[in-house]
Amino acid sequence: MKLRATCCFSMVVSLAAACADDAPVVESSRIERPAVWGFVPDVWYDTNGGPDTLTTDTSVPGDTGALPDTTPANDTTPPPDTAPPPDTAPPPDTTPPGPTGPNDINVGFVGGACAADPTCAFDGGYCLQQSQGFPSGHCSKACGQFCPDQDGASTTFCIDGDDAGLVGSDGICVQRCDFGKSPTGCRSGYDCTLLPRFNDPGTVVHACVPGNGTQPPLSPCIQELLNRGIGFELGVNAMDHPDGYPDEVCDIDDPVWVDGTLNGVSYRYSSLGSDAKRIYASCPLALAMDDMAALAATQGVTDLLHLGVYNCRFIGGTTTLSEHAFANAIDISGVRVSSGETYTLIDDWELGSANPTSPGGQLLRWLRDTLFAQGVFNIILSPEFNAAHADHFHLDLTPGGDFLQ
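For what it's worth, numbering that gives the first Met the number 0 labels the leading residue of the sequence shown as 0, then goes sequentially.
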């Protein structure tokens with residue numbers, strides 16, 4: 000099986016369609032890359048030559064025998080004192096305590112603290128009591144597979160009550176882990192745990208259930224999302240396959256659901272009328288999206304139109320997995336600025352012009368060139384590359400990549 004190195008999880012999700020990435024391909028596997036590569040977009044080839052050689056160190060002398068024992072035969076020196084040392088107290092534990100979650104998440108809604116049923120003022124809401132094992136109480140409701148969501152609240156999820164310690168119960172609604180609201184993903188006293196959906200065990204997400212209230216193990220990349228204050232949920236790695244190719248694996252590096260609004264810039268799918276929803280992406284791509292939003296905001300950009308991130312597929316016309324298959328690429332089709340003007344690649348890109356004259360052409364050219372110059376993305380395909388990219392930038396993080404056109 001061909002695998003791409005990863006840490007963490009991916010998601011049983013295939014978001015919107017993405018670009019064809021139809022550059023010529025000379026290699027079909029992404030594993031065990033040599034140290035040096037030459038890159039064209041979504042194309043890579045070996046430029047190293049010759050086998051590795053290993054030199055054996057022969058400078059260590061052989062064993063020349065132990066020295067003779069020179070202790071006198073009649074040595075009457077008393078044996079050393081072998082009495083155990085006096086008891087000593089162990090040193091104090093100076094490890095700083097881990098972060099803890101707040102207690103004011105989803106107030107009055109699913110997952111929120113409660114003392115009695117009236118606190119859970121939503122349709123079918125009731126309070127799971129502390130005496131039942133739910134610290135500070137927990138608003139919930141019965142569910143068969145799905146739970147309601149509420150604007151401004153963390154997303155919810157339907158789990159088997161047994162998974163929360165309610166032996167013999169049916170489905171109950173809980174809060175999904177939300178690292179935009181808590182460094183542990185959950186309220187104080189609750190743990191972020193990977194759980195199946197009630198009546199649908201094939202769907203699993205990270206949700207909050209009673210526990211120690213500790214932060215789950217996080218990779219350095221995920222920790223950086225936390226450090227930046229980016230809202231996200233942990234994703235799940237489905238290890239999916241393109242249709243008909245069971246040996247090819249879409250293996251995502253640290254999958255997350257990242258907030259659709261970053262640094263005040265909203266990522267909207269396909270049209271400006273769509274909501275800025277959370278996007279399924281590899282953690283490295285989520286950081287790059289945050290960087291792109293910060294750069295775009297300096298030019299008055301308020302919205303970025305995108306055409307998708309994750310799609311478990313090959314590059315068009317090849318059997319090489321696209322970076323979209325690793326949730327490691329995003330397609331950008333246009334921008335909206337604070338004045339209300341919208342500029343799109345299909346309408347405003349000035350093909351063949353290194354010095355565009357229109358406001359939209361200048362902004363789009365600046366965005367493409369600056370993202371590459373600052374290393375936000377290392378593979379960028381634009382309308383200058385081919386007709387398949389006439390309406391969008393393909394932006395990805397191919398390991399070792401270095402291509403702009």
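Note that the Cβ used here is the ideal one computed from N, Cα and C, for glycine as well.
Beta-carbon spacing of residue i, residue j below 8 Å
i	j	result
R267	D302	yes
C191	G184	yes
H391	A328	no
P215	L396	no
L286	T369	no
L344	S332	yes
P98	F121	no
H251	A326	The sequence as given places Ile at residue 251; His does not occur at that position. Taking 8 Å as the Cβ cut-off, I251 and A326 qualify as a contacting pair.
E247	L306	no
C119	C142	no
C138	C113	yes
V204	V235	yes
G136	Q129	yes
F197	Q144	yes
P430	R312	The structure shown does not extend to residue 430, since the chain is modelled only from 0 through 404, so no value can be given for it.
Span separating the alpha-carbon of residue i from that of residue j
i	j	result
E349	L363	9 Å
Q131	A206	18 Å
L165	V375	47 Å
G243	C249	13 Å
D239	D159	25 Å
N262	A296	7 Å
E223	V255	13 Å
S270	R335	11 Å
G259	S273	11 Å
D330	L304	9 Å
K163	T213	Here residue 163 is Ala; the residue named in the question, Lys, does not match the sequence. So the alpha carbons of these two residues sit roughly 16 Å apart.
L193	P219	20 Å
P245	Y125	45 Å
A237	S352	43 Å
V308	I171	32 Å
A372	P355	18 Å
M291	S168	46 Å
D45	D253	Reliability fails at D45, whose pLDDT of 29 lies under 50, so the model's placement of it is uncertain and no value is given.
T155	P117	20 Å
K140	V264	35 Å
Contacts around residue i, its chain only, beta-carbon distance under 6 Å, and the 5 residues preceding and following it disregarded
i	result
F133	L127 and P209
I378	P40, D395, T397, G400 and F402
F384	Q404
G360	D347 and E349
Local conformation of residue i per DSSP, three classes
i	result
G61	Bear in mind that the predicted position of G61 carries a pLDDT of just 33, short of 50, making it unreliable; the figure below should be weighed with that in mind. G61: coil per DSSP, three-state reduction.
A328	strand
R227	helix
A115	coil
Q214	coil
Q174	strand
H240	coil
D302	strand
I315	It is worth fixing the name first, because residue 315 is Gly in this sequence and not Ile. Of the three classes helix, strand and coil, the one that applies to G315 here is coil, per DSSP.
D401	coil
D169	coil
G151	coil
A206	strand
N385	coil
D103	coil
G160	helix
C142	strand
C191	strand
P200	strand
T75	Only weak support is given to the placement of T75: the predicted model assigns it a pLDDT of 47, under 50, and the question is left unresolved by the model.
Close-in-space but distant-in-sequence residues of the same chain around residue i (CB under 7 Å, 5 per side omitted)
i	result
A152	N105 and F108
V257	I229, F231, R277, I278, A280, A285 and M288
S381	R367, H388, F392 and Q404
A386	none
G111	I104, N105 and C138
S337	G299 and T301
N211	D190
A115	C126
Neighbourhood of residue i by C-beta, 8 Å cutoff - its chain only, sequence neighbours within 5 removed
i	result
P101	K180, S181, R186 and S187
L407	The displayed coordinates of the chain run from 0 to 404. Any statement about residue 407 would go beyond what the structure contains.
W365	Q298
Contact with chain D by residue i, beta-carbon distance below 8 Å
i	result
G230	Of the chains in the structure shown, none is chain D; there is only one protein chain.
Fill in: Start-end ranges of the beta strand (DSSP E) lying completely within the segment 324-379, minimum 3 residues
Inside the segment 324-379, DSSP marks whole beta strand (DSSP E) runs of 3 or more residues at positions 328-336 and 341-343, from first to last along the chain.
Item to complete: Can you check the segment 115-140 for any alpha helix (DSSP H) of at least 4 residues that lies completely inside it and give the ranges in chain order?
Response: none
Worksheet item: Of all the beta strand (DSSP E) runs that stay within the bounds of the segment 230-294, which reach a length of 3 or more residues?
Response: 231-233, 254-257, 264-268 and 278-281
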